[in-house]
Amino acid sequence: MQVKPYLRQFPDSEGYFGKFGGAYLPPELASECKLIEEAYLKIANSHDFIMKLRDIRKHFQGRPTPIYYAKRLSESVGGARIYLKREDLNHTGAHKLNHCMGEALLASYMGKKKLIAETGAGQHGVALATAAAYFGLECEIHMGEVDIKKEHPNVIRMKMLGANVIAVSAGQKTLKEAVDSAFDAYLKDPKTSFYAIGSVVGPHPFPMMVRDFQSVVGFEAKEQFVQMTGILPDNLVACVGGGSNAMGLFSAFIEEPCELYAVEPLGRGTKLGEHAASLKYGVEGIIHGFNSMVLVDEAGEPSKVYSVASGLDYPSVGPEHAHLHSRGRLRLGGADDDEAIRAFYKLCRFEGIIPALESAHAVAFAMKLAKEKPYESILVNLSGRGDKDIDFIYENYPPEKFA
Ligand SMILES: *Cc1c(COP(=O)(O)O)cnc(C)c1O
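Numbered according to numbering that gives the first Met the number 0, the sequence shown spans residues 0 to 402.
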């Protein structure tokens, strides 16, 4: 019997990674997702689309991003060699643009006029507004009023890029209400608009599409690492919010003899609401149209979550992570707020790189792993740069305290 390569085998035609994934949707949305899936399979497998996306990545995004041996960091930890995949050097300063450009290119091939999305901290909103400007598409970003106050610079960026930022005043005025509001707006006009999901979550085909668009990170890194060192990395490490930067890196290595570590945010405690570690503490359940591991409260509702990195505080995780973890292919890593802040300063001072707080979680875990595996190599996905976080850190974790 011929066995298909992993990336062709998963998800299956119904969007399942084992028992995780799928599309749990009202009929009107299910038919739209089916149309998007068909268009994606057809268009994304055309030579024209592939060439166009490659051109964009090279000339607009500045890819390939380098990989880099973090010599001083590695030596100071005194263990494994730590390498960084520099997604912080991707245009707009994080990996998110990789899938936003892909989704926007698909939307424009499908003849859509408008991109719609929600945003929490504003990172997905900024990346999508960038993609919309590139393609000359309208862009509508739904954001809770609380987040709008908190994430002022990203709100300004979105507006400068020409996006229409819709302030959501319902409920807690944060991400969950923004999702509802964006969904409603999309449902009013599914023919001319495209809902651009910001991670490897949501109903099929989004976890597959976002993974495929992000896999450029892994395939580039694999080639670069072998070119640099002559062999594959022993360990791959990435932080996990929804899971897109991790899946992007891991996807090229699933069938290779490499350990994969998903680093979850352990926040400030093990109690529900104090962290966002969905694989570690979650239970199987359906959220936002897909089946995965979910952090739930006593009432069975998605629980409140917390991390110092706002890009990591999601009460679930991509279905493919849940699948790979249940099969023993994916190992769990973790870093709490304190470890992430220390790793942030370490990278600033030992390497001259100011990382995003999300990425600092991956670095923090890599530093722990390096001590356990002194004769191995670790490739970390440095998912983004930290410019967005510097005011917050300066105020709450001042540099003098971390000398
Ligand atoms: C949004 C974000 C993340 C978390 O999202 P994933 O989908 O889990 O990758 C991680 N790092 C940065 C820099 C981000 O902006």
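Just so it is clear, CB atoms sit at the ideal spot from N, CA and C, and this is done for glycine as well.
Values in this document were obtained by computation on a predicted structure and should not be read as measured data.
ask   = Between 203, 297, 333, which lies nearest to residue 265 when the distance is taken from Cα to Cα?
value = 333
key: Proximity of residue 116 and residue 140 at Cβ, strictly below 7 Å   = yes
query = If you measure from the CB of residue 184, is any heavy atom of ligand 1 nearer than 6 Å?
reply = no
task = Count the other C-beta atoms from every protein chain shown that fall within 10 angstroms of the C-beta of residue 208, then say buried if there are 16 or more, exposed otherwise.
result = buried
query = Name the DSSP bridge partner or partners of residue 408?
reply = Only positions 0 to 402 of the chain appear in the structure, and residue 408 is not among them; the question remains open.
task = Could you check if residue 156 is buried or exposed, using at least 16 other CB atoms within 10 Å of its CB as the buried criterion?
result = buried
request  = Answer with yes or no whether the minimum CB distance from residue 275 to chain B is below 7 Å.
outcome  = Among the chains in the structure shown there is no chain B, since it carries only a single protein chain.
key: Cβ-Cβ distance between residue 291 and residue 243 below 7 Å   = no
ask   = Helix, strand or coil for residue 340 per DSSP?
value = helix
message = Considering only the alpha carbon of each residue, which of 295, 148, 393, 388 lies closest to residue 274?
response = 295
query = Which one of 39, 322, 21, 348 has the shortest CA to CA distance from residue 110?
reply = 39
request  = Can you give me the Cβ contacts of residue 255 inside the same chain, cut-off strictly under 7 Å, excluding the 5 residues immediately before and after it?
outcome  = 231
ask   = Going by beta carbon distance, what residues of the same chain come within less than 6 Å of residue 128, once the five residues before and after it are set aside?
value = 138, 157, 160, 162
key: DSSP state of residue 278 mapped onto helix, strand, coil   = helix
query = Below 8 Å, can you find three or more Cβ-Cβ pairs linking the region 316-326 to the region 42-51?
reply = no
ask   = What's the call for residue 392, buried or exposed, on a 16-neighbour Cβ count within 10 Å?
value = buried
inquiry  = DSSP three-state label for residue 3, please.
reply    = coil
request  = Determine the burial state of residue 226: buried for a count of at least 16 other Cβ atoms within 10 Å of its Cβ, exposed for fewer.
outcome  = exposed
Assigned exposure category for residue 171 - 16 Cβ within 10 Å defines buried = exposed
DSSP state of residue 291 mapped onto helix, strand, coil = strand
ask   = Going by DSSP, which residues form a beta bridge with residue 433?
value = For the chain, the structure presents residues 0 to 402; residue 433 sits outside this window and is missing.
key: Neighbourhood of residue 72 by C-beta distance below 7 Å, restricted to the same chain and skipping five residues each side   = 81, 345, 346, 349, 350
task = Run the proximity test for residue 357: is its beta-carbon closer than 6 Å to any non-hydrogen atom belonging to ligand 1?
result = yes
message = Taking the alpha-carbon of residue 65 as reference, which of 283, 379, 316, 310 has the nearest alpha-carbon?
response = 379
ask   = Would you say residue 122 touches ligand 1, meaning its beta carbon is less than 6 Å from a heavy atom?
value = yes
request  = Following the continuous alpha helix (DSSP H) through residue 131, name the residue where it begins and the one where it ends.
outcome  = 122-134
ask   = CA-CA distance, residue 204 and residue 29?
value = 11 Å
ask   = Where does residue 264 fall in DSSP's three states?
value = strand
ask   = From which residue to which residue does the beta strand (DSSP E) around residue 335 run?
value = 329-335
task = Quick one: using the 10 Å Cβ neighbour count with 16 as the cut-off for buried, is residue 5 buried or exposed?
result = exposed
query = Of all the beta strand (DSSP E) runs that stay within the bounds of the region 174-222, which reach a length of 3 or more residues?
reply = 192-194
message = Tell me the rounded alpha-carbon separation between residue 401 and residue 359.
response = 15 Å
task = For residue 315, name the three-state secondary structure that DSSP assigns.
result = strand
ask   = Going by DSSP, what residues sit across from residue 114 in a beta bridge?
value = 138, 193
inquiry  = By the DSSP assignment, the alpha helix (DSSP H) with residue 236 in it spans what residues?
reply    = That residue, residue 236, is in no alpha helix (DSSP H); its beta strand (DSSP E) goes 234-238.
ask   = So is residue 62 buried or exposed if we call it buried at 16+ other beta carbons inside 10 Å?
value = buried
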